[in-house]
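Single-structure report; data block below.
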Amino acid sequence: MKLATWNVNSLAVRLPQVLDWLQQHPVDVLVLQETKLTDDKFPAADIEAAGYQVQWFGQKTYNGVALLSRVPATDVVKNIPGFPDEQARVIAASVNGIRCVGAYFPNGQAPDSDKFVYKMSWLEALQAWLRAELQSHERLVLMGDFNIAPEDRDVYDPVAWAGQIHCTPQERTHFQGLLQLGLVDAFRLFEQAPKSWSWWDYRNLAFRRNQGLRIDHILVSEALRGQISACEIDKLPRKNERPSDHAPVIVSLAD
DNA sequence: ATGTCACCTGGTAGGTGA
996 MKLATWNVNS LAVRLPQVLD WLQQHPVDVL VLQETKLTDD KFPAADIEAA GYQVQWFGQK
1056 TYNGVALLSR VPATDVVKNI PGFPDEQARV IAASVNGIRC VGAYFPNGQA PDSDKFVYKM
1116 SWLEALQAWL RAELQSHERL VLMGDFNIAP EDRDVYDPVA WAGQIHCTPQ ERTHFQGLLQ
1176 LGLVDAFRLF EQAPKSWSWW DYRNLAFRRN QGLRIDHILV SEALRGQISA CEIDKLPRKN
1236 ERPSDHAPVI VSLAD
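Residue numbering for the first sequence follows this note's numbering, beginning at 996 and increasing consecutively.
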């Protein structure tokens, strides 16, 4: 079984690339972030024609998430229960006995901004909810755009980025808090090339220079850890014409 | 060089968010 996450930065723009990518990588589950579509505009028919079930949860202009699956997803949850939020950031569902949580974590903008305060409270709520969710769902995968680079080796220039958004101690502490729930960063279960990133700024020729961050992650629960056989970032879509600024991340589970 | 992209409003450019 394969699961993947991809921040597509507008599904209206990127739908052809998503469908192409699914043909090349027929994963069992794909969660999307930054669909940027209201629910009435979501291209469900095109996705279903490609052989996927789909659940979606969006809003105008910003945010928006979706969960695609080969087999029907059940017990769908949208956003964090008990955390009222006007922003559409989370979609969760059970697929093949695995609780799949797709999330678009707040960006946070800057450590001294109101958006950072929101990011911190959102992270608190996420952690509390996942702690409970793990009680009832031993086999759980949390994946998405975390907007957190967990360690300096996840940053192309850790000195320049020290204390900056995605790299603050507060954000990194929250990431560690997720690990302390019993989740593990699937990417780091395997030997990886140095300077492996999942996001490159559109500016500054950042992709050509490989100046990026690893901020898209797949965390798996302890009950699944022994089944994880691979975790990779697929850089190829970032080379497309009109690419998303993020690359997909894929995890493979042995049956 | 903060050198781009996507989306909005309200027009044919400017602001916002990432």
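All C-beta atoms, glycine included, are put in the ideal place defined by N, C-alpha and C.
For Y1099, the residue or residues it bridges with in DSSP: One-based indexing of the first sequence puts residue 1099 at position 104. According to DSSP, which records beta bridges pairwise, Y1099 is partnered with D1140.
Whether V1060 touches V1026 by CB criterion (9 Å): One-based indexing of the first sequence puts residue 1060 at position 65. One-based indexing of the first sequence puts residue 1026 at position 31. Yes, these two residues count as a Cβ contact at 9 Å.
Proximal residues to Y1057 (C-beta, below 6 Å), its chain only, five neighbours per side dropped: One-based indexing of the first sequence puts residue 1057 at position 62. Here the set comprises nothing.
Top-ranked residue by Cα proximity to A1083, from N1074, S1089, N1091, V1090: Reading the first sequence from its first residue, position 88 is the one you call residue 1083. When only C-alpha atoms are compared, the closest one is N1074.
Beta bridge counterpart(s) of H1212 as assigned by DSSP: Counting from one through the first sequence, the residue named residue 1212 turns up at place 217. In DSSP, H1212 forms a bridge with G1139.
A1144 vs L1208 beta-carbon contact at 9 Å: Reading the first sequence from its first residue, position 149 is the one you call residue 1144. Reading the first sequence from its first residue, position 213 is the one you call residue 1208. Result yes, Cβ atoms of A1144 and L1208 sit closer than 9 Å.
Residues that C1226 bridges to, as DSSP identifies them: As a first step, residue 1226 is located in the first sequence; it is residue number 231 there, counting from the start. Bridge partners of C1226: V1246.
Candidates A1181, W1124, T1168: closest to G1077 by CA position: Counting from 1 along the first sequence, the entry for residue 1077 is found at position 82. Measuring from the Cα of G1077, the nearest candidate turns out to be W1124.
Beta-carbon separation (whole angstroms), S1239 vs V1003, contact threshold 8 Å: To locate residue 1239, count along the first sequence from 1; it is residue 244. To locate residue 1003, count along the first sequence from 1; it is residue 8. Contact holds; Cβ gap of about 5 Å.
Three-state class that DSSP yields for R1094 in the structure shown: Sequence index remark: in the first sequence, residue 1094 carries index 99 (1-based). The answer is strand: DSSP assigns R1094 an E or B state.
Helix, strand or coil at T1069 according to DSSP, with G and I counted as helix: Counted from its first residue, the first sequence places residue 1069 at position 74. Residue state, collapsed to three classes: strand.
Straight-line gap, R1065 to C1226 (C-alpha atoms, nearest Å): Working through the first sequence from its first residue, we reach residue 1065 at position 70. Working through the first sequence from its first residue, we reach residue 1226 at position 231. C-alpha separation (whole angstroms): 20 Å.
Residue span of the beta strand (DSSP E) that contains Q1028, given as start and end: Taking the first residue of the first sequence as position 1, residue 1028 is located at position 33. Q1028 -> beta strand (DSSP E) spans 1024-1028.
Whole alpha helix (DSSP H) elements within the segment 1133-1185, 4-residue minimum: 1153-1156, 1164-1175
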